[in-house]
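Chemist: Heads up, the sequence shown is in UniProt numbering, so the first residue is 1 and it goes up one at a time. Ideal Cβ placement from N, Cα and C applies to all residues, glycine included.
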Amino acid sequence: MSRIVIVGTGQGGFQAAASLRQEGFEGEIILIGDEPGLPYQRPPLSKAYMADGMADRLLLKPAAFYERASITLRERTRAAAIDRDRRVVTTVDGAEYPYDHLILATGASTFRPPIPGQEADGVEELRTLEDAARLRQRLADTRQAIVIGGGFIGLEFAAVARAAGVAVTVLEAAPRLMGRALSPEMSAWFLEAHRAMGTDVRLGAGARRIESADGKVTGVDTSDQKVIPGDLVLIATGVRPNVGLAEAAGLTVGNGIVVDGTLLTSDPAISALGDCCSFPLPDGSPVRLESVQAAVDHARHIARRLVKGTTDSYAAVPWFWSDQGKHKLQIAGLGTTADEVVRAPGPDDQPVFLLFRDNRLVAVETVNAAGEHMAARRLIGTPKAVLEAAGFGLKQALNAAKAAPPA
Ligand SMILES: Cc1cc2nc3c(=O)[nH]c(=O)nc-3n(C[C@H](O)[C@H](O)[C@H](O)COP(=O)(O)OP(=O)(O)OC[C@H]3O[C@@H](n4cnc5c(N)ncnc54)[C@H](O)[C@@H]3O)c2cc1C
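#1: Span of the beta strand (DSSP E) holding Ile257?
#2: How many Å lie between Asp339 and Pro184 at the Cα?
#3: With C-beta atoms as the reference, is Gln274 less than 7 Å away from Ala105?
#4: For the pair the region 362-369 and the region 382-389, tell me if three or more CB-CB distances fall below 8 Å.
#5: Could you give the residue range of the alpha helix (DSSP H) that holds Arg136?
#6: Taking 6 Å as the cut-off, is the CB of Asp275 close to at least one heavy atom of ligand 2?
#7: Regarding Val335 and ligand 1, is the C-beta to nearest heavy atom distance less than 6 Å?
#8: Between Thr72 and Ala80, how many whole angstroms is the CB-CB distance? I'm expecting something under 8 Å.
#9: Mind checking which residues open and close the alpha helix (DSSP H) that includes Ile302?
#10: I need the DSSP call for Val317, collapsed to helix, strand or coil.
#11: Is Asn242 near ligand 1, in the sense that its beta carbon is under 6 Å from a heavy atom of that ligand?
#12: If I measure Cβ to Cβ from residue 410 and keep anything under 7 Å in the same chain, skipping five residues before and after, which residues do I get?
#13: For the beta strand (DSSP E) containing Ser212, list its first residue and its last residue.
#14: State the CB to CB distance for the pair Ile228 and Ile146, rounded to an integer number of angstroms; the pair is presumed to be in contact (CB under 8 Å).
#15: State yes or no: is the C-beta of residue 411 nearer than 6 Å to some heavy atom of ligand 1?
#16: Which residues does DSSP pair with Pro229 in a beta bridge?
#17: Is the beta carbon of Gly151 sitting closer than 7 Å to the one on Met178?
#18: If you draw a straight line from the alpha carbon of Glu35 to that of Phe353, how long is it in whole angstroms?
#19: Going by CA-CA distance only, name the one from Thr265, Pro175, Arg78, Leu126 that's closest to Glu156.
#20: What residue from Leu20, Glu130, Gln350 has the CA that sits closest to Ala303's CA?
#21: Which one or two residues does DSSP pair with Gln324 in a beta bridge?
#22: Work out the CA separation of Val259 and Pro268 for me, nearest whole Å.
#23: Three or more C-beta pairs under 8 Å: does that hold for the region 297-312 against the region 7-26?
#24: Between which two residues does the alpha helix (DSSP H) containing Asp52 stretch?
#25: In terms of DSSP beta bridges, what is Pro241 paired with?
#26: Considering only the beta carbon of each residue, do Ile32 and Val7 sit closer than 7 Å?
#27: Is Val386 helix, strand or coil when you go by DSSP?
#28: The beta strand (DSSP E) that contains Asp341, what's its start and end?
#29: What ranges does the beta strand (DSSP E) occupy inside the region 49-94, keeping only unbroken runs of at least 3 residues that lie completely in it?
#30: So within the region 159-207, which uninterrupted alpha helix (DSSP H) runs reach at least 4 residues, ignoring any that extend past its ends?
#31: Could you check whether the region 116-133 touches the region 210-228, counting it as contact only if at least three pairs of C-beta atoms, one from each stretch, sit closer than 8 Å?
#32: Helix, strand or coil for Glu365, going by three-state DSSP, please let me know.
This is the structure we're talking about:
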């Protein structure tokens, strides 16, 4: 194999290029991305960057890295089509990039629900550095911000805006915050935490229309017929995977580009990773994760397969974090199918929730409890009885497991 083309210069595309070199790949690596500039990290966009505006700190590596590693970076370059018969990617400027193997790392884009009035000045979204720079600039002149969507990104932004002294209302159509990803118990804990920060959180409140005057946003009309005044609206209602390129090339697509356990698409010359792909969990059920860990671990898995010829299935324990004000939420495992939640002892009375399914630990949610989170990553799958015997203390359970003689 002499030439690998990667489409997407986000977290996963960058990591794939870097890991291919780390594994010893000596052929050509071409990294094609439609955003301007060097690959950067997105998580700080709604956290540190929104507060300090220091864009240089976001870079995954400086320019010299790509030169040293012989990685050809094509920024501001959008891949337009894949010719699978000829094994060629064509970009919108008409250039052709032949490949022996292609990695799709096209990520996801903000999903905007069809709320009327979105064209008004002052309505923003947050996915890219460009979005974040614009939003940050506006925030400086904002008196009242309205966040549509009580998910991770909306709530992280709400916390930063409150810390900057801006009045914030969060509208969440569902009955609880971060409901797609968190246990009801942790959602309730964060509801109180955001209210304590002074944010006006309204649950079960959908946005019906964005109001404006002279083209500028003035507020949001909600499903309970109330107009909330505001001079900035952030639409944070989730994302959709970027599957258009793959779909047009005839690859199998569902909620993401469908890959097998080794992260190969329906074409054995094409892999996919990160936010854009739907991959099978060890039990076979398909999942699409929006996290740095998934993008990075997928990239490493693909690089090992391509360079070393490994054939094992991807099985890393998922983990995730979100910083909301002074609260660092960390999640290990996947709790969406849990049937029982137990509150465990945490440091300084911080919440630690253990999520079980069929009496086995499937996920752990912690706040400001790094030690418990690290232990949790190694305990996913442990029978409830074993944890119960340790008083549900995660560090104690891990120490007990280490001390136990091998079975
Ligand atoms: C504000 C914000 C905060 C976040 N916070 C956290 C967090 O705290 N913890 C966490 O784990 N995750 C967080 N995430 C999610 C995390 O950033 C993503 O899961 C991760 O970036 C996914 O990496 P990726 O490579 O799959 O996709 P991306 O990083 O989205 O990269 C995909 C790239 O492909 C480009 N692209 C798409 N189509 C084409 C095409 N046809 N041609 C060329 N280029 C193309 C896109 O423009 C983009 O640059 C956050 C995301 C955002 C936006």
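Modeler: On the basis of the data shown:
#1: Its beta strand (DSSP E) spans residues 256-258.
#2: If I take the Cα positions, the gap works out to 11 Å.
#3: The sequence as given places Gly at residue 274; Gln does not occur at that position. Result yes, Cβ atoms of Gly274 and Ala105 sit closer than 7 Å.
#4: No, the region 362-369 is not in contact with the region 382-389.
#5: Looking at the DSSP string, the run of the alpha helix (DSSP H) that includes Arg136 is 129-139.
#6: In the structure on display, ligand 2 does not appear, and the ligands it does have are ligand 1.
#7: Correcting the residue type first, residue 335 is Gly in the shown sequence and not Val. Result no, Cβ not under 6 Å from ligand 1.
#8: A Cβ-Cβ separation of about 18 Å leaves Thr72 out of contact with Ala80 under the 8 Å criterion.
#9: First-last of the alpha helix (DSSP H) with Ile302: 292-308.
#10: Of the three classes helix, strand and coil, the one that applies to Val317 here is coil, per DSSP.
#11: Distance from the C-beta of Asn242 to the nearest heavy atom of ligand 1 is below 6 Å.
#12: Lying outside 1 to 407, the shown extent of the chain, residue 410 is not represented and no answer is given.
#13: 207-213 is the extent of the beta strand (DSSP E) around Ser212.
#14: With a beta-carbon spacing of about 6 Å, Ile228 and Ile146 fall inside the 8 Å limit used to define contacts.
#15: Because the chain here runs from 1 to 407, residue 411 falls outside it and cannot be looked at.
#16: In the DSSP assignment, the residues bridged to Pro229 are Gly219.
#17: A Cβ-Cβ contact shorter than 7 Å links Gly151 with Met178.
#18: Computed Cα separation, rounded: 39 Å.
#19: It is Leu126 whose Cα lies nearest to the Cα of Glu156.
#20: Closest option to Ala303, Cα to Cα, is Leu20.
#21: DSSP lists His327 as the beta-bridge partner residues of Gln324.
#22: Distance from the CA atom of Pro268 to the CA atom of Val259, rounded to whole angstroms, is 10 Å.
#23: Look at the beta carbons and you see the region 297-312 touching the region 7-26: at least three pairs across the two are nearer than 8 Å.
#24: Unbroken alpha helix (DSSP H) run through Asp52: 48-52.
#25: Answer by DSSP bridge pairing, in chain order: Ala108.
#26: Yes; because the gap between Cβ atoms is below 7 Å, this pair is in contact.
#27: In the three-state reduction of the DSSP assignment, Val386 falls in the helix class, which pools H, G and I.
#28: First, the residue type needs correcting, since residue 341 is Val and not Asp in the sequence shown. For Val341, the uninterrupted beta strand (DSSP E) run begins and ends at 340-344, by DSSP.
#29: If we require 3 residues or more, the beta strand (DSSP E) runs fully inside the region 49-94 come out as 71-74, 79-83, 88-91.
#30: Within the region 159-207, complete alpha helix (DSSP H) segments of at least 4 residues are found at 184-196, given in chain order.
#31: The answer is yes - the region 210-228 touches the region 116-133, with three or more Cβ pairs under 8 Å.
#32: If DSSP states are grouped into helix, strand and coil, Glu365 belongs with the strands.
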